[in-house]
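Okay, so the sequence shown: first residue is -17 according to the working numbering, each after it adds one. Quick reminder that beta carbons are idealized off the backbone N, C-alpha and C, glycines included.
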Amino acid sequence: MKVLVVEDDRRIKAETIDDCLASLGHESDWAQHQQEANGLLAANDYDLILLDLQIPSRAGGKDLPEFGKNLLRQIHERKGRGAVPVILMTGYHQQCVDLLTDLQEIGVDGSISKPFPTSGRTLARVIEEVMAKHRRFRLAAAAKVEEGALVPFEGGVLAYHPKRIDLCGETIAEESRRGLAWGILQALREKNRHGKPVHLGSHALGRMLDAKPAQNTLIRSVCNLRSRIAKTVQRRLGRSCGQNDVIDNDDQGYFLRDWIVVEVYDEVGTLAGQAAKAGVAKAAAESALRLCEKQRWVMARLAAEGKVTRREVEEQFGVSIRTAKRIIGELVEAGLIEFDRSEHPGCYRLT
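So this is what it looks like as structure tokens:
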């Protein structure tokens, strides 16, 4: 495999990138600025491009993110969008925030921050992920068969990253996009104490979303999300996917199918442990529910003592039975706590 490396820092190229590509068995050409990269692109075919966002436009020129953006556009104009995968390398994320939307529209297949991580989501791992995703895309595009002839979808990994959610390596939701898809998927990733996906009715699910949508709006959003997932699986993975193959529902509410494996990753792409995943999901649910002072006390009491009764809530705040039930009921519907009938009197515990 031949790689074009566009990087103006000789030290980074020699000490890190070259070692990574050699280890993977890839050949490479090197361009230090936009003009040089365009010259190499005109004369050669590449399987992958590693692009530093902040590069000079010419030899001796000033390095600016705008020049990397322009080169990215020129790559797609010359080779065709999607023909050659591009991985963005940058140490200037905060300075380039205004360009991120444009870059996504132009087409970036992957990104990694500098200095490159030495564990977790390393440069080698990003390259392998992007190339695997590109191969799947090419296979799906080349198939061009009727949906009925596609291989059925049989589940896969639903990966939660800080800014996006991927199904089998394909992005199905982004935090920055409008709509309810991001919040719906975040809420449904929660597990009960038996390790099974939670079932959330439309009322409970709606209360966990910041937008607090009307019930018909939420139902329509779930329907749209299901359709988007099905189309993504078919077009990108070449598999037929039913509307309920990822998000299903029964009389208890919406839930993720058993063949969907939830994985949660941190900022550098490291897979979090099960305990960490549960903690992150629970914290997200608590934040989305906007707990009142009394509910925060209930959660703190459960964390410290392991259980709490309705009567204890009544006595702590001097409220009526009805009010105590409402305080606790919202936590139950959000999937944060559950009623335990094994003791007498019954009590509530963390899920």
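Out of T291, D11, R218, state which residue places its alpha-carbon closest to the alpha-carbon of L132. R218
Candidates E(-3), R118, N20, D(-9): which alpha carbon is nearest Q36's? D(-9)
With a 10 Å radius around its C-beta and 16 neighbouring C-beta atoms as the bar for buried, classify C223 as buried or exposed. Counting Cβ neighbours within 10 Å, C223 comes out buried, since at least 16 surround it.
Anticipated Cβ contact below 8 Å, L385 with A155, distance rounded: The structure shown does not extend to residue 385, since the chain spans only -17 to 333, so no value can be given for it.
Range of the contiguous alpha helix (DSSP H) that encloses V280: Its alpha helix (DSSP H) spans residues 275 to 287.
Element boundaries [beta strand (DSSP E), containing K(-16)]: -16 to -12
Could you tell me the boundaries of the alpha helix (DSSP H) in which E312 lies? 303 to 315
Please classify L207: is it buried, with 16 or more other beta-carbons within 10 angstroms of its beta-carbon, or exposed? When all chains shown are included, L207 counts as buried.
Compare the Cα-Cα distances from V228 to each of F135, V180, A286, I310 and report the closest residue. F135
From D91 to I69, what distance separates their C-alpha atoms? 6 Å
Where F321 and K(-5) are concerned, what is the direct C-alpha to C-alpha distance, given to the nearest angstrom? 58 Å
Three Cβ pairs or more, each shorter than 8 Å: is that satisfied between the region 34 to 53 and the region -4 to 5? no
Using only the alpha-carbon positions, how far apart do D27 and E18 sit? 15 Å
Can you tell me whether DSSP reads E190 as helix, strand or coil? At residue 190 the sequence reads Met, which differs from the Glu that was named. Three-state DSSP puts M190 in coil, outside helix and strand.
Examine the Cβ distances between the region 193 to 209 and the region 171 to 182 and report whether three or more of them are shorter than 8 Å. Taking a contact to require three or more Cβ pairs closer than 8 Å, the region 193 to 209 and the region 171 to 182 do not qualify as touching.
Reducing DSSP to helix, strand and coil, say where D45 ends up. DSSP, read as helix, strand or coil, puts D45 in strand.
Note down the Cα distance separating I94 from I31, rounded to an integer number of angstroms. 13 Å
Got a sec? Which residues, its chain only, sit under 8 Å from V243 by beta carbon, not counting five neighbours each side? G137, G138, V139, L140
Proximity below 9 Å, CB of R293 to CB of K307: no
Give a yes or no on whether the minimum CB-CB distance between V246 and chain C is below 9 Å. The structure shown contains no chain C; it is built from a single protein chain.
Should L332 and A285 be called a contact, given that it needs their Cβ atoms to be closer than 9 Å? Yes, the Cβ-Cβ distance between L332 and A285 is below 9 Å.
Hey, is the region 145 to 165 in contact with the region 182 to 201, meaning 3+ C-beta pairs nearer than 8 Å? yes
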